[in-house]
Amino acid sequence: MSTADQWHVAWAAALDRLEADVDSAEALLNDEHMLRELPKFDPWNPPQGLGPLPIDLRPRADAVLRRQLEVASKVAAAMTSAAMHTLVLGKMSGDAKDPARPSYVDVAL
12 MSTADQWHVA
22 WAAALDRLEA
32 DVDSAEALLN
42 DEHMLRELPK
52 FDPWNPPQGL
62 GPLPIDLRPR
72 ADAVLRRQLE
82 VASKVAAAMT
92 SAAMHTLVLG
102 KMSGDAKDPA
112 RPSYVDVAL
């Protein structure tokens, strides 16, 4: 296998790994994680000596980047939503510091 072929194969493998990571994140956002165990956290690190991206893999790399950015935005929104839900639930549940909260019911309706 020529050096150019090895270089291309190395980049294709790197993109395969990035796509798998994005697939896992998308599955978590789509609640598919409830059907299986959560994926093990394994951060991606670029392989040593990878060199510049082959030009024919540029469209694939751009697509992976777009998906990563979309997933990152959705994960941030999901985290914000979860934090807001936690805050609301905390206000609705009993508070040990102030157990006697007044409650009002409008019986005129």
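Oh and the sequence shown: position 3 is 14 in my numbering, straight run, nothing missing. We treat Cβ as the ideally placed atom computed from N, Cα and C, and that holds for glycine. Source: prediction; values computed, not measured.
query: Quick one: what does DSSP say residue 60 is sitting in, helix, strand or coil?; result: coil
query: Residue 83 to residue 56, Cα distance in whole Å?; result: 18 Å
query: For residue 86 versus residue 31, is the C-beta spacing smaller than 8 Å?; result: no
query: Using C-beta distances below 7 Å, list every residue in its chain close to residue 19, excluding the 5 sequence neighbours before and after it, in chain order.; result: 65
query: Could you have a look at residue 27 and say whether DSSP puts it in helix, strand or coil?; result: helix
query: Is residue 58 closer than 8 Å to residue 25 when the C-beta atoms are compared?; result: yes
query: Determine the burial state of residue 118: buried for a count of at least 16 other Cβ atoms within 10 Å of its Cβ, exposed for fewer.; result: exposed
query: Does residue 75 pass the burial test, meaning 16 or more other C-beta atoms within 10 Å, or should it be called exposed?; result: buried
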